[in-house]
Amino acid sequence: MLSPSAIIEPGERTGTFRQADDELIVDADGQSRISTQDFALAMIDELETPRHVRARFTVGY
């Protein structure tokens, strides 16, 4: 199950997001965010190459 960051906002696809299991990912400013483009990319990557079978994971910058 892919859990979103606290903030999902419009933005460009960077492909430079980080992944974690069950902990919130925050950046240097303490913000938990990801663009809609990168969130979609993470979802498609997981569908094509499952790495978190029956497990929660999250993505963010």
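Remember, my numbering sits 3 above the position in the sequence shown when you count from 1. By construction, the Cβ of each residue, glycine as well, lies at the ideal position given by its N, Cα and C atoms.
Please state whether DSSP places Ala31 in a helix, a strand or coil. coil
Coil, strand or helix - Glu15 by DSSP: coil
How long is the line joining the alpha carbons of Glu49 and Asp32, rounded to whole angstroms? 27 Å
For Ser6 versus Arg59, is the C-beta distance shorter than 7 Å? yes
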